[in-house]
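Here the structure comes first, spelled out in structure tokens, and everything after it is commentary.
2 protein chains.
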Amino acid sequence: MNKKNCMVAQSGGPTVAINASLAGVIHAVMTLGNYDTVYGSVNGILGILNDNILNLNQIVNQNSANLEKLKLSPAMYLGSCRFKLPDFMDDDSSYNYIFKQFENLNIGAFFYIGGNDSMDTVLKLSEYAKRIGNDIRIIGIPKTIDNDLMMTDHTPGFGSAAKYVAASLLEIAHDTFIYAVKSVTIVEIMGRDAGWLTAAAALARNEYSDAPHLIYLPETYFDKDRFLADVRNLLEKQNNIIIAISEGIRDASGSYINAGESQMDSFGHSQLSGAAKALEYLIKDNINVKVRSVEINVLQRCAAHLSSQTDLDEAFAQGEKAVSLASEGVTASMVTINRISDNPYTVEYGHAEIKNIANEAKAVPKEWIHENGNDVTPEMIAYLTPLIQGEPQITYKNGLPVYMEVPHLSRHR
Amino acid sequence: MNKKNCMVAQSGGPTVAINASLAGVIHAVMTLGNYDTVYGSVNGILGILNDNILNLNQIVNQNSANLEKLKLSPAMYLGSCRFKLPDFMDDDSSYNYIFKQFENLNIGAFFYIGGNDSMDTVLKLSEYAKRIGNDIRIIGIPKTIDNDLMMTDHTPGFGSAAKYVAASLLEIAHDTFIYAVKSVTIVEIMGRDAGWLTAAAALARNEYSDAPHLIYLPETYFDKDRFLADVRNLLEKQNNIIIAISEGIRDASGSYINAGESQMDSFGHSQLSGAAKALEYLIKDNINVKVRSVEINVLQRCAAHLSSQTDLDEAFAQGEKAVSLASEGVTASMVTINRISDNPYTVEYGHAEIKNIANEAKAVPKEWIHENGNDVTPEMIAYLTPLIQGEPQITYKNGLPVYMEVPHLSRHR
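Same order as they appear, the protein sequences are chains A and B. For the first sequence, the working numbering begins at 14 and goes up steadily by one. For the second sequence, the working numbering begins at 14 and goes up steadily by one.
Given below as structure tokens:
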């Protein structure tokens, strides 16, 4: 009897670990023998709808080193999408087409690597399969730097982003402490609704530096008077204050702290800027001190040269686990990681029903935020520390990291 | 006869190679035997004025591994200052105090590691020494990520910043190319008056990616209509455009392209933002395409985990060279690096009179900028490529790079 094939796709925003999960899926298919070919749908679920599908066994057959190279490459080898399937009760035309493609390619399992929105796709495809009596296995593999997926201890991509944020804060501390004048540096970190990544800034503290000295998460409301008092108090004790804030800090009414529209740029256009800029000007207007703001930009999710080996290994293992689960008959689920202990750090992989995960978000628990709302607790540090451990051996060529060529990348010139 | 001592200090903005030059000075003093103790003035020349002086032989005597650790640590071990000495014809009180300190500590040579402003201090101290008939040797050791010092092929700190910028552009390319929709990403790079560092973005190009597709330096004037035409032309050929710009791009009248004051942030304060934001809104208002701007922030000058080994080695060698030059009687000079050939890359170290360097700046030559003003030429690539080669072996502890503890770093908690 012929073995079935399987298919994998990637969706949502980039992380540096999402290709490690893809590598895990490919590796498991090629070594476990439960499935024959693993196809890749380009640009998430859109690849199935647009007939843009690759044979992924080939990339390993061409060169067995490609699997390790893929594991270390940032963002999505298969590209991504921001596409939300309609409710099939309203419109089942895309579902018809997707399942016809599955049938044509003899697909027995579909793996979707993504965050909250992608898990909504896993849920809808699972429910549609059940409704039409198709026994294809639909399994989600988590990824998000926001670390906000339910039912799993943490998410692939988060540990590497946390390592990048902590290393950046340490390097910014060295950069900041050189002048013998009072200064405040505000560092804005991604995570609009969940403060996990901002909390990771605390990992920068070491035997000679307590930076960041203040940390503000979106889970507690931001009070500007309390903030200014915090800054003033610290400035009495020391010269240089470094503050980590989430891009999503909000006031008591729930409004985001950010800069509004400006009106007088070089071309007469309006502008928007973020929370750190707003706090920079808040301090400038109220405290006579040198202030600057730094936005830790997209590099926190794509700087693969500074990944966490722990994160990449776990992402790879969760890709492998998805293939095992599918061949055991599991469907309508997401792979999970369950922490057994912090020290020694041990985990095991499992799965949870997708209906308890899709469209939900996991916030930082109140108990892990300092009662003053301006720091995290030792429990948070103990939770975060294992996730940033270990450094992959990056290959450099001509002075730059070597990453996997992206197949859909357009050239010009 | 007793050997004299010497003194070293660091000044200006951080780079990741400035401690490598300090390590070179210390290493040369301890191995060549021309000077006895090497003192470090904390916070540049201010340390001499404020009696804040360290014995640097001790940090190596305490632990010989400290020299290598120092070489790999970002920013200034000795701290910095932004202090311009007055003209001694107007006021020689600081000069009197500085030279009294030199005499008290039996200082035979003073080394100042810094950029353009710091070379002004070297010039003034040299002239004052000559005037009072003091034979102390005053030597500048260059450093600046801007690469804008005269009389030297390039400056320590630039190669590492260039590597960081190129690696970031490559990682941003991976991050950007995942969606099958038209998009423009504008990346703003440091260097207000000189485009060297922005030019280094071109090194991100490889066999599968031509990003950045457009590059704008401050040396040619920025024309918004020509810019919009460049972007429109490219969007006809490909989906994703990545543009590298200097923070200092200017229009034909010499005005900086940036966002003006805004008026409606969360706290009712006014705001300023940069060139990339201004171009983001320019495109949004004129072309129907997804646009985002990314500011490569202070990490381009302090991300020591991604340094260029070539840069660190050259910075160290220039620190050593300064000590040799001083003991040979050279003064009123800056250490220089002279390129013998690009391939194989070979250099030799020399020196140049400080009066031809202080307060001057080296711009990118027009011949190295594409005639359309939107790219650099192959000559620029050939010049830049050797400078980013090689990766130092960074030690990690608990998931983060291990850097040298900064002695003047204040703690709290």
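All residues carry an ideal CB built from backbone N, CA and C; glycine is no exception.
Rounded to the nearest whole angstrom, the C-alpha separation of B/S259 and B/L59 is 32 Å. In this structure, the beta-carbon distance from A/M163 to A/E341 does not fall below 8 Å.
At least one C-beta of chain A is nearer than 8 Å to the C-beta of B/D188.
Within the same chain, W381 come within 6 Å of A/E392 by CB-CB distance, once the 5 residues on both sides are set aside. In this structure, A/A88 is the residue among A/V51, A/M43, A/S24, A/A88 with its C-alpha nearest to the C-alpha of A/H318. At a cut-off of 3 residues, the continuous stretches assigned as beta strand (DSSP E) that sit fully inside the stretch 191-218 of chain B are 196-202. In this structure, the CA atom of B/Q313 is about 18 Å from the CA atom of A/I255. Residue range 171-189 is occupied by the alpha helix (DSSP H) that includes B/S173. Under the Cβ distance rule, A/C19 does not count among the residues neighbouring chain B, no pair being separated by less than 8 Å.
Taking a beta-carbon distance threshold of 8 Å, A/L413 counts as an interface residue toward chain B. Contact of A/K176 with chain B is assigned, a C-beta pair being separated by under 8 Å. In the three-state scheme derived from DSSP, where H, G and I count as helix and E and B as strand, B/T323 is classed as helix. Around A/S93, the beta-carbon contacts reaching into chain B at under 8 Å are I191, Y192.
The C-beta of A/E184 comes closer than 8 Å to at least one C-beta of chain B.
Under the three-state reduction of DSSP, A/D103 is assigned to coil, being neither helix nor strand. Secondary structure in the stretch 99-153 of chain A: the beta strand (DSSP E) runs of 3 residues or longer, each lying completely within the stretch, are 120-127 in chain order. For A/V311, the closest Cβ of chain B is nearer than 8 Å. The C-alpha of A/Y110 is placed about 40 Å away from the C-alpha of B/V200. Between A/G363 and A/G37 a beta carbon distance of about 15 Å is seen, past the 8 Å cut, so the two are scored as non-contacting. In this structure, DSSP gives A/S34 a helical state, which the three-state scheme calls helix. Residue range 70-75 is occupied by the alpha helix (DSSP H) that includes B/Q71. The stretch 17-32 of chain A makes contact with the stretch 41-52 of chain A; the number of CB pairs closer than 8 Å reaches 3 or more. For A/K97, the secondary structure class from DSSP, reduced to helix, strand or coil, is coil. Straight across, the Cα-Cα distance linking B/E116 with B/G204 is about 39 Å.
Using beta-carbon distances, B/N369 does not count as an interface residue toward chain A, since no partner is under 8 Å. Membership of A/E361 in any alpha helix (DSSP H) is not indicated; the residue belongs instead to the beta strand (DSSP E) covering 358-366. For A/M393, the enclosing alpha helix (DSSP H) starts and ends at 391-397. The three-state secondary structure of A/K17, taken from DSSP, is coil. Collapsing the DSSP output to three states places A/I61 in a helix.
By the C-beta density criterion, B/G127 is buried, having at least 16 other C-beta atoms within 10 angstroms.
Under the three-state reduction of DSSP, A/T50 is assigned to coil, being neither helix nor strand. A contact is defined here as three or more CB-CB pairs under 8 Å, and the stretch 134-141 of chain B fails this definition with respect to the stretch 184-194 of chain B. B/M347 is bridged by DSSP to B/G153, B/A365.
Runs of the beta strand (DSSP E) lying entirely within the stretch 219-302 of chain B and spanning at least 3 residues, in chain order: 227-229, 253-259, 272-275, 284-286.
For B/A330 and B/R352, the gap between their C-alpha atoms comes out near 14 Å.
Below the 8 Å Cβ cutoff, chain A contributes H318, L319 as neighbours of B/L319, in chain order.
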